[in-house]
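In what follows, a single structure is set out as structure tokens and then discussed.
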Amino acid sequence: MNPRDYDIFEDDLDILEIFDQGFPRRIYNRANAFESLDNWGFYRRYRLTKETVLDMLDLIENQLEFPSDMNNSVSPINQLLTCLRFFASAGYLQTIADVQGMHVSTVSRIVKKIAATQQKFFDIAEFPRVLGAVDGTHVKIQSPGGNDEEVFRNRKTYFSINVQCVSDAELNIEDIVVRWPGSAHDSTIFNNSRIRARFENNEFPDNLLLGDIL
Numbered sequence: 001m002n003p004r005d006y007d008i009f010e011d012d013l014d015i016l017e018i019f020d021q022g023f024p025r026r027i028y029n030r031a032n033a034f035e036s037l038d039n040w041g042f043y044r045r046y047r048l049t050k051e052t053v054l055d056m057l058d059l060i061e062n063q064l065e066f067p068s069d070m071n072n073s074v075s076p077i078n079q080l081l082t083c084l085r086f087f088a089s090a091g092y093l094q095t096i097a098d099v100q101g102m103h104v105s106t107v108s109r110i111v112k113k114i115a116a117t118q119q120k121f122f123d124i125a126e127f128p129r130v131l132g133a134v135d136g137t138h139v140k141i142q143s144p145g146g147n148d149e150e151v152f153r154n155r156k157t158y159f160s161i162n163v164q165c166v167s168d169a170e171l172n173i174e175d176i177v178v179r180w181p182g183s184a185h186d187s188t189i190f191n192n193s194r195i196r197a198r199f200e201n202n203e204f205p206d207n208l209l210l211g212d213i214l
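Heads up: the sequence shown begins at 1 in UniProt numbering, then just goes up one per residue.
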């Protein structure tokens with residue numbers, strides 16, 4: 001997926017900006033899809049469950065922060081829903097704008113922004129569908145003493161906590177597990193992690209978690 005695919009109607013958007021500046025800004029009434037739609041109605045419109053959308057939001061929310069402190073700025077969840085609605089329906093920008101209660105130029109920017117987020121991993125090594133990268137790292141600690149002291153000694157012979165992290169393409173931490181002693185293998189931590197269960201439960205369909213955990 002190339003974000004440039006959504007770089008459409010730029011000239012038209014420039015014109016819309018001129019009109020926006022010349023006339024009083026319209027305040028849109030944005031419907032709350034989580035409250036106004038039941039589970040089936042939500043799935044029909046966005047092709048994902050409410051739970052999956054919230055999980056997706058957890059992974060990318062820090063990249064969808066409010067562009068301003070103004071009351072009419074678009075929240076991260078509304079940005080995500082707008083983009084999902086566009087992908088699910090392959091609809092026209094104006095139609096999506098009407099449904100989401102936004103200006104068409106706002107919808108265009110949101111779609112391009114999220115498409116660009118998905119593209120960043122692909123740009124690194126042309127590997128598609130990567131949602132995150134996972135690995136373990138040892139954080140050195142002092143000997144805890146006691147009967148369990150040796151379980152904290154890692155293969156390099158020092159005491160540590162083996163921390164599992166999932167990051168995005170810009171090294172932002174999206175998921176972290178900090179509870180295993182240094183002797184624990186990366187695969188043991190991953191096999192017992194919530195992130196593995198979420199992928200196996202198909203919460204992130206058609207997406208991959210990249211790692212070298214064996």
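Yeah, the Cβ is synthetic: ideal placement off N, Cα and C, and Gly gets one too.
Residues bridged to residue i [DSSP beta-bridge criterion]
| i | result |
| --- | --- |
| W40 | The partner list for W40 (beta bridge, DSSP) is empty, contrary to what the question assumes. |
| A133 | S167 and L210 |
| N162 | H138 and W180 |
| D123 | DSSP, once it has assigned bridges, lists no residue as partnering D123. |
| R198 | Answer is none; R198 lacks a bridge partner. |
| D175 | V166 |
| R153 | F159 |
Contact under 8 Å by Cβ, residue i with residue j
| i | j | result |
| --- | --- | --- |
| N62 | N172 | yes |
| F204 | R196 | no |
| V139 | S160 | yes |
| L80 | V53 | yes |
| E174 | L59 | yes |
| K50 | N32 | no |
Spatial neighbours of residue i in its chain, beta-carbon cut-off 6 Å, leaving aside the 5 residues before and after
| i | result |
| --- | --- |
| F122 | P128 |
| V163 | T137, V139 and V178 |
| N201 | none |
Closest Cα partner of residue i within the set the options
| i | options | result |
| --- | --- | --- |
| D212 | A133, A125 and I141 | A133 |
| R45 | S75, W180 and C83 | C83 |
| F86 | P76, S75, K112 and L64 | K112 |
| L64 | R109, S193 and C165 | R109 |
| A125 | L210, D135 and P76 | L210 |
| K120 | D168, E51, D135 and P76 | D168 |
| F199 | M56, T188, W180 and E170 | M56 |
| D148 | W180, V166 and G41 | W180 |
| V166 | D135, Y43, G41 and F42 | D135 |
Residues of its chain near residue i, where Cβ-Cβ distance is below 7 Å and the 5 sequence neighbours each way are ignored
| i | result |
| --- | --- |
| S193 | Q164 and V177 |
| I77 | L57 |
| F34 | K50 |
| Y43 | T49 |
Chain-order list of residues whose beta-carbon lies under 8 Å from that of residue i (same chain, five-residue window excluded)
| i | result |
| --- | --- |
| S143 | E149, F152 and F159 |
| L37 | R45 |
Contact test: residue i Cβ vs the ligand ATP heavy atom, cutoff 7 Å
| i | result |
| --- | --- |
| V74 | Among the components modelled here there is no ligand, and therefore nothing to report on the ligand ATP. |
- Message: If contact is defined by three or more beta carbon pairs under 8 Å, each pair taking one atom from either stretch, is the segment 146-155 in contact with the segment 177-185?
- Response: yes
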